[in-house]
Amino acid sequence: MMGYIVKRLLTIIPTLVGASIVIFSLIHILPGDPIITMFGKQPSFEAIEYLRHQYGFDRPLYVQYFDWVWNILQGNFGNSIRYGSPILGLIMERMPATLWLIVFAMIVSLSVSIPISVLTASRPGSMTDHAGTMFVLIGISAPSFWLGLMLIMVFTLYLRVLPCYGFVGPMESIPEFLAHLALPSITLGLLMGGTVTRIAKSTMVEVLRAEYIKFVRSKGVSEKIVLYKHALKNTLIPIVTIVGLQTGYLLAGSVVIEQVFGWPGMGRLLLQAIYTRDYFLIQGGLLFYCALFMLVNLATDILYAYVDPRIRYE
Amino acid sequence: MAESRTVVQTRRKYLKYIGSAAAGVVVGALGTYGAIYRPPPPPVVAPRPLERYGGILKVVVDGEAPELDPQVSTLFIAQWVEEEMFEGLVKFGLDMTIAPALAWRWQRIDPKTFEFYLRDNVKFHNGRKMTSADVKYSFERIKDPATGSPQNHFFQATIDSIDTPDDYTVRLNLKAPTASLLGYLGTWGPPFAIVCKENVEAGESKTKPIGTGPFKFKEWVKGDHITLTGFKDYWDPGLPYADELRFDFQGESSVMVSMLKARTVDQASPIFPTDIPAVDTSEVTNKVQPISGYHWICVNTKVKPYDDVRVRQAIAHAIDKTEVTQLVWYGLARPIDSPLMYFEPCYSPVKAPEYDPQKAKELLAEAGYPDGFSDTLTAVPITEDTKVATVAAAQLERVGIRLKIETPELSTYVKIAIIDKTFHVAQCGNTDPPEPDYILSKFYETGGSLNMANYSNPEVDGLFKQAREEYDDVKRTDLYRRIQEIVLPDAPYVWLENPPRIYAWWRDLQGYTPHSDLSQCFSTVWSPKLEGR
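Taken in order, these protein sequences are the chains called A and B.
1 is the number of the first residue of the first sequence in the numbering used here; add one for each residue after it.
315 is the number of the first residue of the second sequence in the numbering used here; add one for each residue after it.
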């Protein structure tokens with residue numbers, strides 16, 4: 001197992017290199033650069049030229065790329081052009097908020113989708129089944145910002161029970177922390193829940209048709225134990241897979257949710273960085289996301305070995 | 315024996331000499347003293363009533379400042395925070411004339427030399443006294459291109475050297491007479507702020523700034539809010555009233571209105587015209603404040619067919635500015651013929667080509683486009699700007715000019731429309747300090763920083779140079795009038811409307827006055843109902 005993990009960790013490196021080339025090229029294809037954007041409608045052409053030269057933005061692209069990569073390898077992510085502070089510091093400052101959001105969104109998603117998938121799979125064709133299908137459709141099709149705004153309207157403006165804006169750390173006040181986390185994580189969780197429910201339900205339906213389930217039922221075991229103890233365990237592999245893949249979706253979706261809810265996370269930071277063409281921040285942040293995503297996928301693969309004893313890694 | 319006559323005469327002669335010498339010394343001393351003696355700054359206003367003090371004043375602005383260095387910022391959302399922490403030498407008063415700030419008096423020694431006399435009780439937020447050396451440092455920082463100040467060009471072109479004859483006197487030696495100097499220095503922001511050398515050298519000027527203003531920086535929770543605390547050693551004793559000032563960031567006007575009504579904040583701006591009824595209640599009031607902002611449509615005179623003046627004039631005649639103000643601003647904006655507003659110095663009414671669609675069609679036919687033509691309109695991707703562009707494009711379509719509207723993202727827009735000028739027709743908007751040279755020359759002078767139309771007229775350039783060196787306001791006003799009378803018939807720009815800025819606040823707030831140059835001085839604002847009281 002250890003050997004497998006080490007091998008996987010090593011493959012992350014060439015993947016990151018490839019990702020870095022893609023990230024760098026995509027950002028530099030966009031017209032505009034941080035200096036021009038900084039001056040906006042008050043350009044002082046001499047200062048612009050001077051600063052572009054100072055930052056090296058007038059050098060050929062491949063020179064800028066290798067310069068950046070060389071710095072990354074030495075652990076220097078550079079300074080944000082806009083904020084002036086070190087990028088690693090900015091990322092570390094904002095990452096916790098996004099991580100809380102993603103973790104709670106996943107909790108919401110799983111706590112909603114697993115019961116629904118079990119219920120709808122065990123009652124095919126019934127009203128519950130149709131209701132579950134509707135839930136899946138809404139989750140897959142609803143735009144994230146729309147759902148977010150709807151929830152704000154209901155819970156903040158009409159019912160006045162939950163705040164719609166900002167972040168309070170868990171160290172400061174647990175009730176406030178949970179209150180502020182509620183709406184954004186529910187929005188993101190419901191959206192992701194649609195996809196997870198779909199996969200979980202179809203797997204569940206298949207598992208419930210298996211021979212060993214008939215055998216357990218014939219032993220006279222209660223339906224609840226059949227579903228939650230025997231059937232559910234066998235649906236875990238696709239669920240774990242989809243949850244691992246959905247992390248990427250969550251990282252991307254959190255950008256919109258963070259904007260809607262004023263959540264001070266990485267997504268909002270990256271969005272601002274793209275608007276202001278803060279090259280170093282975008283590159284550093286996206287590379288960080290890539291590495292995070294790859295680590296989550298590695299964790300997913302390792303989890304398989306615990307979920308399904310038949311899977312062995314060399 | 316009595317003294318002989320000669321002795322007495324000699325004594326008298328010596329007495330006369332000594333007397334005149336003494337008189338000369340006394341007169342000389344008094345004269346020199348009079349020349350160098352300057353009366354001290356006038357005493358500041360007596361302390362205010364105790365009931366005004368205390369509380370946390372909370373306001374919301376429509377975005378998060380990217381940095382808090384006033385010499386570098388170009389966005390209002392940053393400047394609204396910076397204006398509470400920083401000051402310049404002078405500022406614009408409510409009546410739009412230059413008023414003292416850190417300099418309590420100034421004079422023009424000769425056409426190329428200005429002297430500013432600084433207050434002697436100004437401290438930075440770190441406790442150190444501000445002197446003329448700080449002014450010199452701050453101005454040289456603006457002049458240094460490495461700082462990245464948008465005012466760099468102005469200082470490079472204007473300031474020759476800066477002297478500091480003593481701790482509280484600054485002398486600016488200019489390269490040429492510059493009538494616009496005070497107007498630039500008084501700009502809201504303030505972009506010509508006096509900054510703290512230690513703060514800049516520690517690399518914290520963008521994130522933990524230190525200034526001389528009534529509020530000092532406390533914390534910046536990125537993505538959430540910025541909090542400032544009252545500066546107890548502010549040079550105007552008794553100010554500010556509030557203990558703390560907090561800026562929240564929220565981009566949506568409707569969410570801002572909800573925050574205001576729920577009293578999550580005490581004041582909010584800018585508010586959309588459609589939200590005015592929601593902020594006109596027994597608890598909350600609002601003001602529709604005229605500001606020096608405007609929108610325009612311009613063409614790229616280097617691109618066919620816009621090099622033909624008839625096509626440009628046709629475009630100008632096709633636009634109905636009143637319709638723009640009705641449709642986009644619900645009648646709250648004013649149609650304009652110039653970016654120089656009636657409440658700004660050196661204003662004179664000028665006439666741009668009038669709305670006359672028939673004439674527009676005739677001119678197009680004359681120019682060889684009887685059926686009009688198609689092209690692209692590049693507009694700024696902000697709601698109001700896009701609305702203005704849509705209305706203008708619809709009006710142009712009535713005369714046959716079919717424009718497809720494109721709203722690239724802001725950085726791309728800046729590159730296309732302002733830096734590279736690869737657009738054909740563009741819509742844009744801007745807001746200015748009330749300084750006529752700044753307002754007009756950036757559009758009409760060859761190489762002007764916002765001369766998107768690539769307009770170039772040597773006669774106009776000459777008049778600008780003349781106006782810059784003319785200290786007499788009457789003559790200056792006349793020169794700017796002549797400039798506009800030459801440019802307007804040429805129609806490189808069509809000036810559309812002057813929208814107001816709408817501010818809303820709780821009625822119990824006292825001392826809050828929005829200003830036409832966009833400043834909102836929160837140091838004089840107080841209320842018994844602020845949080846924490």
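Idealized CB from N, CA, C, for every residue including glycine.
Any Cβ of chain A within less than 8 Å of the Cβ of residue i?
i: B:N466; result: yes
i: B:G441; result: no
i: B:S852; result: Summary: the structure shown does not reach residue 852 of chain B, with chain B confined to residues 315 through 847, and so no result is reported for it.
i: B:S837; result: no
i: B:L724; result: yes
i: B:T388; result: yes
i: B:G348; result: The predicted model places B:G348 with a pLDDT of 49, which falls under 50 and marks its position as unreliable, so this point remains unresolved.
Using 8 Å as the limit for Cβ to Cβ distance, is residue i near chain B?
i: A:R52; result: no
i: A:F167; result: yes
i: A:T276; result: yes
i: A:P238; result: no
i: A:F39; result: yes
i: A:E172; result: no
i: A:P184; result: no
i: A:G32; result: yes
i: A:G78; result: no
i: A:R59; result: no
i: A:M179; result: The displayed chain sequence assigns Ala, not Met, to residue 179 of chain A. So no, A:A179 is outside the interface.
i: A:L295; result: no
For residue i, which residues in chain A fall below 9 Å Cβ to Cβ?
i: B:G686; result: Within chain A, no residue comes near B:G686; the closest Cβ sits about 29 Å away, beyond 9 Å.
i: B:V613; result: Within 9 Å Cβ-Cβ: nothing; B:V613 doesn't reach chain A, min ~18 Å.
Tell me whether residue i sits in a helix, a strand or coil according to DSSP, three-state version.
i: B:A582; result: strand
i: A:N71; result: helix
i: B:N466; result: helix
i: A:P96; result: helix
i: B:N744; result: strand
i: B:E515; result: helix
i: B:Q393; result: helix
i: B:H609; result: strand
i: B:G348; result: Summary for B:G348: the model assigns pLDDT 49, below 50, so the residue's position carries little reliability; its value from the coordinates is reported in the next sentence. Residue state, collapsed to three classes: helix.
i: B:S567; result: helix
i: B:W840; result: strand
i: A:Y50; result: helix
i: B:E658; result: coil
i: B:C835; result: coil
Along chain B, which residues have their Cβ under 9 Å away from the Cβ of residue i?
i: A:G84; result: E381, D383, G517, E518, S519, K520, T521
i: A:S44; result: P459, G462, S463, P464, Q465, N466, H467, F468, Q470, S763
i: A:I36; result: S725, V728, K729, I732, I733
Specify, as a first and last residue, the run of the alpha helix (DSSP H) that residue i falls within.
i: A:F293; result: 279–307
i: B:K635; result: 635–643
i: B:A632; result: 623–632
i: B:Y785; result: Unbroken run through B:Y785: none, as it is neither H nor E.
Could you tell me the boundaries of the beta strand (DSSP E) in which residue i lies?
i: B:R422; result: 417–424
i: B:Q603; result: 598–604
i: B:T808; result: A small correction: the amino acid at residue 808 of chain B is Val; Thr does not occupy that position in the sequence shown. From DSSP, the beta strand (DSSP E) with B:V808 extends over 807–809.
i: B:K530; result: 529–535
i: B:T815; result: In the sequence as presented, Thr is not what sits at residue 815 of chain B; that position holds Arg. Note, B:R815: beta strand (DSSP E), 814–820.
i: B:Y431; result: 427–432
Using a C-beta to C-beta distance shorter than 8 Å, which residues of chain B count as neighbours of residue i?
i: A:P143; result: Here the premise fails: no neighbours, minimum Cβ distance about 16 Å.
At a cut-off of 7 Å, is residue i close to the ligand FAD when judged by its beta-carbon and the heavy atoms of the ligand?
i: A:I225; result: In terms of ligand content, the structure shown is empty, and the ligand FAD therefore cannot be addressed.
Just to make sure I have the definition right: I need the residues of chain A whose C-beta is within less than 7 Å of the C-beta of residue i. Which are they?
i: B:S572; result: L157
Does any residue of chain E have a CB that is nearer than 8 Å to the CB of residue i?
i: A:A47; result: Absence of chain E from the displayed structure is noted, the protein chains being A and B.
Taking a cut of 9 Å between CB atoms, which residues from the segment 510–544 of chain B lie near chain A?
G517, E518, S519, K520, T521, V535, K536, G537, D538, H539
Between the segment 446–465 of chain B and chain A, which residues of the former have CB atoms less than 8 Å from a CB of the latter, in chain order?
Among the residues of the segment 446–465 of chain B, those with a Cβ less than 8 Å away from any Cβ of chain A are P459, A460, T461, G462, S463, P464, Q465, in the order of the chain.
Between the segment 597–611 of chain B and chain A, which residues of the former have a C-beta closer than 8 Å to a C-beta of the latter?
none
Of the residues that make up the segment 467–489 of chain B, which ones have a beta carbon closer than 7 Å to any beta carbon in chain A?
Of all residues in the segment 467–489 of chain B, H467, Q470 have a Cβ within less than 7 Å of some Cβ in chain A.
Name, going along the chain, the residues of the segment 735–752 of chain B whose beta-carbon falls closer than 7 Å to a beta-carbon of chain A.
N744
Closer than 9 Å between beta carbons: that is the criterion. Which residues of the segment 698–725 of chain B meet it against chain A?
P722, E723, L724, S725
Below 8 Å between beta carbons is the criterion; list the residues of the segment 263–275 of chain A that meet it against any residue of chain B, in chain order.
W263, P264, G265, R268, L269, Q272, Y275
Identify each residue in the segment 544–565 of chain B for which the Cβ-Cβ distance to at least one residue of chain A is less than 9 Å, and report them in chain order.
D562, F563, Q564, G565
Using a Cβ-Cβ cut-off of less than 9 Å, give me the residues of the segment 84–108 of chain A that come near chain B, in sequence order.
G84, S85, L90, E93, R94, A97
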